[in-house]
Every structure is written in structure tokens, then in C-alpha cells.
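Chemist: Mind looking over this structure? Questions follow.
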Ligand SMILES: Cc1cc2nc3c(=O)[nH]c(=O)nc-3n(C[C@H](O)[C@H](O)[C@H](O)COP(=O)(O)O)c2cc1C
């Protein structure tokens with residue numbers, strides 16, 4: 421992909437306020453979007469996240485009023501809710517190590533040093549610190565998703581405008597160790613969404629980018 425095509429896609433992207441409810445994302449494109457979530461980086465590679473694809477339209481109807489009534493929730497083709505690991509425990513670390521062993525053909529014994537480090541740095545760290553850390557990781561995946569969507573010319577809205585506790589209740593997350601932190605609706609912009617015509621408001625380069633020489 422040429423640089424100007426990337427630039428053009430990023431300028432084309434905006435946070436959609438009104439989706440065209442008649443347009444659906446193809447399975448092929450949606451799979452690529454899911455791959456971008458899976459391939460996102462995370463600190464230590466731990467992936468303290470989950471991605472809930474809300475397929476049930478009735479559930480989306482329920483989520484809308486606790487999302488400030490935002491119409492994207494029900495009109496978009498797809499909705500993904502980002503979950504983070506609320507408390508980092510040894511069992512999760514162990515699951516990760518077993519996955520490394522499986523994928524890379526390593527022995528668990530050879531991963532003991534990594535295990536000790538993860539337990540020290542994550543499991544034994546103050547819970548609130550790790551909670552915030554886990555949420556940050558989820559936002560990295562969100563960024564990957566948004567960029568991939570833009571490159572595919574699929575519209576998206578990143579959304580924090582909802583009650584996380586209501587989402588956790590509706591999505592039956594209580595007691596699972598996972599909590600909702602953000603959601604992204606995906607699909608195709610409505611021709612009447614006036615936000616697509618607004619100029620992007622971004623600080624000037626000098627305010628954003630500094631060079632340390
Ligand atoms: C984490 C996050 C949460 C957001 N929450 C909402 C939301 O709940 N509803 C909405 O319409 N837009 C939401 N936005 C969109 C922003 O308002 C939008 O990205 C910003 O104004 C910049 O505009 P642009 O994305 O169209 O360039 C959110 C954006 C981010 C990154």
C-alpha cells in the first residue's frame with residue numbers, strides 16, 4: 421500500500437455518528453478485523469483482553485439505552501466490546517506460558533524465568549495498577565482495529581460513552597474476572613451523517629511532535 425493511500429484512508433476515517441443499518445460487513449472483512457485484534461501487541465505479550473462480538477440484536481437493543489442512547493449501537497453492522505482482565509492471577513499467567521510452550525515448542529521449565537518475572541511484576545503488583553495497565557492494553561488492540569478498518573474502508577466508532585457496570589450486568593460478566601472498558605461499532609456510514617463533512621480538528625505538528633536531537 422502506498423503512503424498516500426494510507427494517508428487518504430486515515431483522513432477518510434472519522435467517528436461515525438450515524439450508520440447505514442442496511443449495509444453489512446462481509447465475513448471475509450470481519451475476519452480481517454478480528455485478526456487485527458489478535459495480532460495487536462501487548463505488554464509482555466500477556467493479552468489481558470477479550471473481545472466480545474455482540475451478535476444478538478436483542479442484546480444490542482438492551483445495550484443502547486445504557487450507551488447514552490447512541491444509535492450506532494443498534495444501527496452498525498457489528499459491535500465489539502473490549503474486556504480487560506480485572507485481576508491478574510497466577511492461573512492466567514500459567515495459561516499464557518502454556519500457550520507459549522505450545523506455539524513455540526518450548527518446555528515449561530525453560531519458561532520459569534519469565535514466569536517468575538510475570539508473577540513479580542503483574543500478579544504481586546497492586547491490583548489497581550494492574551487494572552489500569554490491563555485497560556491500556558485493550559486500547560492498543562482498539563487502535564489496531566480502527567486502523568485496519570480504515571484501510572479496508574470500513575467505518576467505525578470507538579466508544580466509551582456507556583455505563584460499564586450496566587454492560588457487565590447485561591453481558592453477564594460479573595464473577596468472570598473480565599470487565600468491559602470500551603466498545604467499537606463497525607459498518608458503513610449513513611449518507612446523511614453530517615459528521616463525515618467536518619474538518620478534522622488536530623493540533624498543529626509543532627504542538628504534537630518534538631524532536632530530541
Ligand atoms: C476512547 C474513545 C471513546 C470515544 N467515545 C465516543 C462515543 O461514545 N461516542 C461517539 O460518538 N464518539 C466517541 N468517540 C469519538 C471521538 O469523539 C472522536 O474520535 C474524536 O472527536 C476525533 O474525531 P474523529 O475520530 O472523527 O477524527 C470516542 C473516541 C475514543 C478514542
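Residue numbers (the working numbering): 421 to 633. In this text, a Cβ means the ideal position worked out from N, Cα and C, and glycines have one as well.
Sorted by chain position, which residues of the same chain lie with C-beta nearer than 8 Å to residue 440's C-beta, five sequence neighbours on each side aside?
Modeler: So the qualifying residues of the chain are 495, 607, 608, 609, 610, 611.
Chemist: Buried or exposed: where does residue 480 fall if 16 or more other Cβ atoms within 10 Å of its Cβ makes it buried?
Modeler: The residue is buried, with at least 16 neighbouring Cβ atoms inside 10 Å.
Chemist: Any idea which residues DSSP pairs residue 480 with across the strands?
Modeler: Partner(s): none; residue 480 has no beta bridge.
Chemist: Taking the beta strand (DSSP E) that residue 470 falls in, what are its first and last residues?
Modeler: Looking at the DSSP string, the run of the beta strand (DSSP E) that includes residue 470 is 469-473.
Chemist: Can you pull the DSSP bridge partners for residue 578?
Modeler: 604.
Chemist: Of all the options 602, 618, 508, 488, which has the alpha carbon lying nearest to the alpha carbon of residue 547?
Modeler: Ranking the options by Cα distance to residue 547, first place goes to 508.
Chemist: Suppose you measure from the CA of residue 574 to the CA of residue 445; what does that come to, to the nearest Å?
Modeler: Distance between the alpha carbons of residue 574 and residue 445: 8 Å.
Chemist: Going by the C-beta, is residue 607 closer than 7 Å to any heavy atom of ligand 1?
Modeler: For ligand 1, not one heavy atom lies less than 7 Å from the Cβ of residue 607.
Chemist: Put residue 622 into one of helix, strand or coil per three-state DSSP.
Modeler: The answer is coil: DSSP assigns residue 622 none of H, G, I, E or B.
Chemist: Suppose only complete runs of 3+ residues qualify. What are the beta strand (DSSP E) ranges in the segment 477-557, listed by chain order?
Modeler: Entirely contained in the segment 477-557, the beta strand (DSSP E) runs reaching 3 residues are, in chain order, 498-505.
Chemist: Would you kindly work out how many angstroms separate the C-alpha atoms of residue 565 and residue 601, rounded to a whole number?
Modeler: Distance between the alpha carbons of residue 565 and residue 601: 15 Å.
Chemist: Cβ atoms of residue 453 and residue 568: under 8 Å apart, would you say?
Modeler: It is a contact, given that the beta carbons lie within the stated cut-off.
Chemist: Whole angstroms are fine: how far does the CA of residue 462 sit from the CA of residue 506?
Modeler: Their Cα atoms are separated by approximately 16 Å.
Chemist: Does DSSP classify residue 438 as helix, strand or coil?
Modeler: Three-state DSSP puts residue 438 in coil, outside helix and strand.
Chemist: Which residues count as close to ligand 1 when the rule is a CB under 6 Å from any of its heavy atoms, in chain order?
Modeler: Output, sorted by chain position: 434, 435, 437, 490, 577, 578, 579, 580, 581, 602, 620.
Chemist: Alpha carbon to alpha carbon, how far is residue 552 from residue 464? Give it in angstroms, no decimals.
Modeler: Going by the C-alpha atoms only, they are around 15 Å apart.
Chemist: Below 8 Å, can you find three or more Cβ-Cβ pairs linking the segment 577-589 to the segment 475-494?
Modeler: A contact exists between the segment 577-589 and the segment 475-494.
Chemist: Alpha carbon to alpha carbon, how far is residue 448 from residue 576? Give it in angstroms, no decimals.
Modeler: Those two C-alpha atoms are separated by around 17 Å.
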